[in-house]
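Whatever position you read off the sequence shown (first residue = 1), add 434 for the working numbering. No residue lacks a Cβ here, since even glycine has one placed at the ideal position from N, Cα and C. Each remark here refers to the structure printed beneath this line.
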Amino acid sequence: MNDTHKLVSDLSEQVSRLVRDELRLAKMELTQKGKRAGFGAGLFGAAGMAAFFGGAALVAAVIMLLALVMPGWLAAAIVAVVLFIAAAVLGLTGKSQVKRVGPPVPSETIASVKADIDLVKEKARR
Numbered sequence: 435m436n437d438t439h440k441l442v443s444d445l446s447e448q449v450s451r452l453v454r455d456e457l458r459l460a461k462m463e464l465t466q467k468g469k470r471a472g473f474g475a476g477l478f479g480a481a482g483m484a485a486f487f488g489g490a491a492l493v494a495a496v497i498m499l500l501a502l503v504m505p506g507w508l509a510a511a512i513v514a515v516v517l518f519i520a521a522a523v524l525g526l527t528g529k530s531q532v533k534r535v536g537p538p539v540p541s542e543t544i545a546s547v548k549a550d551i552d553l554v555k556e557k558a559r560r
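Now the structure itself:
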């Protein structure tokens, strides 16, 4: 009876330690993925800022320069198209960064837990 009690106690302790370790691993993995996602989101913000400030600072000067050789309305339209293209490029770059991160799932931890479960099942069969 004493040996059984010790085995159950040891099993409980080992399972608790295993769960704590797996949770710690999941937290680290999600933190790393969150940082990468934050970088991609920052690029989205940069795209918006570049579109706004770039448009505000350069539109007038470029329109005035182009207006020397073409009507003002045409100069304004050309500048607007160029600024929107720049914003689209920055936005797509940010989107690709966010996609690279993948879903916020701790895949390494899940694989580790599955391996642990398989090991426990194998040991239980013996």
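- Counting along the chain, L524 sits inside the alpha helix (DSSP H) bounded by residues G506 to V535.
- By the Cβ neighbour-count rule, T438 is exposed, with fewer than 16 other Cβ atoms within 10 Å of its own.
- Relative to the Cα of G536, the nearest Cα in the group L477, L492, L499 and G468 belongs to G468.
- The beta carbons of A485 and A521 sit closer together than 9 Å.
- Assignment of L492 by DSSP, reduced to helix, strand and coil, places it in the helix class.
- Its chain contains no residue whose beta carbon lies nearer than 6 Å to that of A549 once the 5 sequence neighbours on both sides are disregarded.
- When the Cα atoms are used, I544 and L445 turn out to be separated by approximately 21 Å.
- Take L464, set aside five residues on each side of it, and the residues of its chain with a beta-carbon closer than 7 Å to its own are P538 and P540, in chain order.
- L459 and V449 have their C-alpha atoms spaced approximately 15 Å apart.
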